[in-house]
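Peer 1: When you line the sequence shown up against numbering that gives the first Met the number 0, it's residues 0 to 449, in that order.
Shown below is the structure under consideration.
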Amino acid sequence: MRFGSRASLIYLRSSIFTILVSLWYFFCYLKIIPSIDAIVLDGTSLLKNYTSSESCPNFPATHNIVVSIKTGATEAVEKVPALMQTSLRCVENVFFFSDLEQDIGEYHMYDALDTISTSLISDNTDFEFYSQQKALWEKNRDISSLHSAKNPEAPEVLAAWTLDKYKFIHILEKTWAMKPDMDWYILIDADTYVLWSNLMLWLDMLDPTKKSYFGSEVNIAGTSFAHGGSGIILSKALMYEIAVIRKGVASQWDSQTRGKCCGDLVLAQMMLEYGTGLQDVWPLMSGERPSSMPFGPGSKDYWCKPALTMHHLSPTDMKQFADFEERSNNTTPLTHADILNELWLGSMTTSRQDWDNQASDPGEFGQTGGVLKETASFEDCIQACEDDEKCFQYSHHGNKCHIGMSVRYGDKKKADDEGKWYSGWNMTRLADWISKQPHCDKIEFPVQSS
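What follows is the structure in structure tokens.
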């Protein structure tokens, strides 16, 4: 990477300093992280109920849970194999639900919408894509031409996304019919990553005979609901209410769904009618990718919390994080602090070209960054961060310098008409902040509401 002479001096000083910081961090922090042999909550041991399969050593037993994956035919070929080769590789009860019945290699996709009445489908433009896709598949087994199809009533929205909201309640009914009376039912997207050791440790502490609805809270028009991409967890008692006591409820909500933004909202509205509200477990269940997860003063909620789910992972992300989960110290619950310390921190030692660390993202309520400064060059952006005591990271693109109050690792980003992307981290402030954080020797999971 080449900058002007002043930038080179700043860059050289930064590189030398970050090496020293890295050494300090290794000797002063990593060596004193305590080991956690067990989490004591109702006597539950960390190593309780693990499988002994040769192909899945030290993987928690999942015989009492069911995972339903909500996907679409236009994305399934790309996402399903990666998910099954990583996060779901050792899970016993897995079902895929799409908007088209088909096989993706060895994995069968069930049509989540095939029980919706034909009269509703014919009178609803949301289903034009569904009918076109089915006809195209029956004709030549190729639907690639529909990948970018738009909703005729909202041209800025993908038609497949519009159709997605009708799947949720039907998937729950179908899942119970296929695998009834399991303790826990988990609904995720095909780009959701589940950390099973942590999740099963937590679920083993809970009572599936209580009606429970867990997820990462989103609020629209006064209704709190679990964000579908972060995952939705329902207890056996609640699923029994939906699929047995209220049998056929999905068809009752089909006509109401058309005017709603999203199916996870509709699901929550249905359950509120039955007296069950959401129990929010954010940030354990998170809509972030590993590389977009924020750490710093603006996002202190993450630090010692165990990670249960993440969202929007690409197939490459899935493979990378699965490899990371095989780390040597995998007898303790993986916290968000571990993700920063063990996965990303060593790669934040220098500034990067063709990289966006998402310093421009303001985060929730503007807590993590997004502060915009006009600067002519990347070296000026580096200096702008130095001058702002709240700055933990920065990015430069064109003549825009963004200041972040927390750090994210970020991703590669190619140059565009406005120029190259440059990113960097203030390792001095980050190291100081880390040194003041707890060492996560006590891991706490949410207590189930009564």
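We put the CB at the ideal spot given by N, CA and C, even for glycine.
Return helix, strand or coil for Asp337, following the three-state DSSP convention.
Peer 2: The residue labelled residue 337 in the question sits at position 338 within the sequence shown. Asp337: helix per DSSP, three-state reduction.
Peer 1: Counting pairs of Cβ atoms below 8 Å between the stretch 279-293 and the stretch 197-215, do you hit three or more?
Peer 2: Result yes; three or more Cβ-Cβ pairs closer than 8 Å.
Peer 1: What residues match up with Met108 in a beta bridge as DSSP calls it?
Peer 2: Start at 1 with the first residue of the sequence shown, and residue 108 comes out as number 109. Phe95 and Gln101, per the DSSP bridge assignment.
Peer 1: Just to confirm, are Cys303 and Ile433 a CB contact at a threshold of 8 Å?
Peer 2: Within the sequence shown, numbered from 1, the residue matching residue 303 stands at position 304. Within the sequence shown, numbered from 1, the residue matching residue 433 stands at position 434. No; because the gap between Cβ atoms is not below 8 Å, this pair is not in contact.
Peer 1: List the residues that DSSP assigns as beta-bridge partners of Phe294.
Peer 2: Taking the sequence shown and counting its residues from 1, one reaches residue 294 at position 295. Note: Phe294 sits in a beta bridge opposite Val406.
Peer 1: In the DSSP assignment, what are the bridge partners of Phe213?
Peer 2: As a working mapping, residue 213 is identified with position 214 in the sequence shown. According to DSSP, Phe213 bridges with Ile232 and Gln278.
Peer 1: Is there contact between the stretch 107-119 and the stretch 69-88, where contact requires at least three CB pairs shorter than 8 Å?
Peer 2: The stretch 107-119 is in contact with the stretch 69-88.
Peer 1: Taking the alpha carbon of Leu233 as the reference point, which residue from Ile219, Leu205, Ala220 and Gln255 has its own alpha carbon closest?
Peer 2: By one-based count along the sequence shown, residue 233 stands at place 234. Leu233 has its Cα closest to that of Leu205, out of Ile219, Leu205, Ala220 and Gln255.
Peer 1: Could you pull the start and end residues of the beta strand (DSSP E) that Ala225 belongs to?
Peer 2: Residue mapping note: residue 225 aligns to position 226 of the sequence shown, counting from 1. Start and end: Thr222 to Ala225.
Peer 1: I need the DSSP call for Trp136, collapsed to helix, strand or coil.
Peer 2: Within the sequence shown, residue 136 is the residue found at index 137, counting from 1. Note: Trp136 maps to helix in three-state DSSP.
Peer 1: In whole angstroms, give me the CA-to-CA distance for Leu429 and Lys69.
Peer 2: Taking the first residue of the sequence shown as position 1, residue 429 is located at position 430. Taking the first residue of the sequence shown as position 1, residue 69 is located at position 70. Looking at the two C-alpha atoms, the distance is approximately 38 Å.
Peer 1: From the DSSP output, in three-state form, read off Trp183 for me.
Peer 2: One-based indexing of the sequence shown puts residue 183 at position 184. Of the three classes helix, strand and coil, the one that applies to Trp183 here is strand, per DSSP.
Peer 1: Contact between the stretch 261-270 and the stretch 218-231: three or more CB pairs below 8 Å?
Peer 2: The stretch 261-270 vs the stretch 218-231: in contact.
Peer 1: Count the C-beta pairs between the stretch 287-301 and the stretch 160-170 that are closer than 8 Å, then say yes if the count reaches three, no if not.
Peer 2: No, the stretch 287-301 does not touch the stretch 160-170.
Peer 1: Taking Cβ positions only, does Lys419 come closer than 8 Å to chain D?
Peer 2: Annotation note: the requested chain D is absent from the structure, which comprises a single protein chain.
Peer 1: Let me know the secondary structure DSSP gives Tyr469 once reduced to three states.
Peer 2: It is not possible to answer for residue 469, since the shown part of the chain is limited to 0 through 449.
Peer 1: Quick one: give me the first and last residue of the alpha helix (DSSP H) that Ala72 is part of.
Peer 2: By 1-based counting over the sequence shown, the position of residue 72 is 73. Counting along the chain, the alpha helix (DSSP H) containing Ala72 begins and ends at Ala72 to Gln84.
Peer 1: I need the boundaries of the beta strand (DSSP E) containing Gln392, first residue and last residue.
Peer 2: Translated into the one-based positions of the sequence shown, residue 392 becomes position 393. Counting along the chain, the beta strand (DSSP E) containing Gln392 begins and ends at Gln392 to His396.
Peer 1: Do the CB positions of Glu373 and His396 come within less than 8 Å of each other?
Peer 2: By 1-based counting over the sequence shown, the position of residue 373 is 374. By 1-based counting over the sequence shown, the position of residue 396 is 397. Contact: no.
Peer 1: Excluding the 5 residues flanking Glu91 on each side, which residues of the same chain have their C-beta closer than 7 Å to its C-beta?
Peer 2: Counting from one through the sequence shown, the residue named residue 91 turns up at place 92. Excluding residues within five positions, the ones whose Cβ falls inside 7 Å are Thr61 and His62.
Peer 1: Count the other CB atoms, across all protein chains shown, that sit within 10 Å of the CB of Asn139; report buried if there are 16 or more and exposed otherwise.
Peer 2: As a position in the sequence shown, residue 139 is number 140, starting the count at 1. Burial call: exposed.
Peer 1: Please tell me whether Ile402 and Val370 are closer than 8 Å, where the distance is taken between their beta carbons.
Peer 2: Here residue 402 is taken as the residue at index 403 of the sequence shown, counted from 1. Here residue 370 is taken as the residue at index 371 of the sequence shown, counted from 1. A contact, by the Cβ cut-off of 8 Å.
Peer 1: Could you tell me which of Ala249, Asp353, Pro305 and Cys400 sits nearest to Asp415, measuring between CA atoms?
Peer 2: Translated into the one-based positions of the sequence shown, residue 415 becomes position 416. Ranking Ala249, Asp353, Pro305 and Cys400 by Cα distance to Asp415 puts Asp353 first.
Peer 1: Determine the closest residue to Tyr273 out of Pro293, Arg326, Ala242 and Gln255, with distance taken between C-alpha atoms.
Peer 2: Against the sequence shown, residue 273 aligns to sequence position 274. The shortest Cα separation from Tyr273 among Pro293, Arg326, Ala242 and Gln255 belongs to Ala242.
Peer 1: Going by DSSP, what residues sit across from Gln352 in a beta bridge?
Peer 2: Along the sequence shown, one-based indexing puts residue 352 at 353. BP columns for Gln352 point to Tyr421.
Peer 1: For Cys260 and Thr349, I'd like the C-alpha separation in whole angstroms.
Peer 2: One-based indexing of the sequence shown puts residue 260 at position 261. One-based indexing of the sequence shown puts residue 349 at position 350. Approximately 42 Å, taken between the alpha carbons.
Peer 1: In the DSSP assignment, find the beta strand (DSSP E) that holds Gly345 and state where it starts and stops.
Peer 2: As a position in the sequence shown, residue 345 is number 346, starting the count at 1. Counting along the chain, Gly345 falls outside any beta strand (DSSP E), and DSSP gives it neither H nor E.
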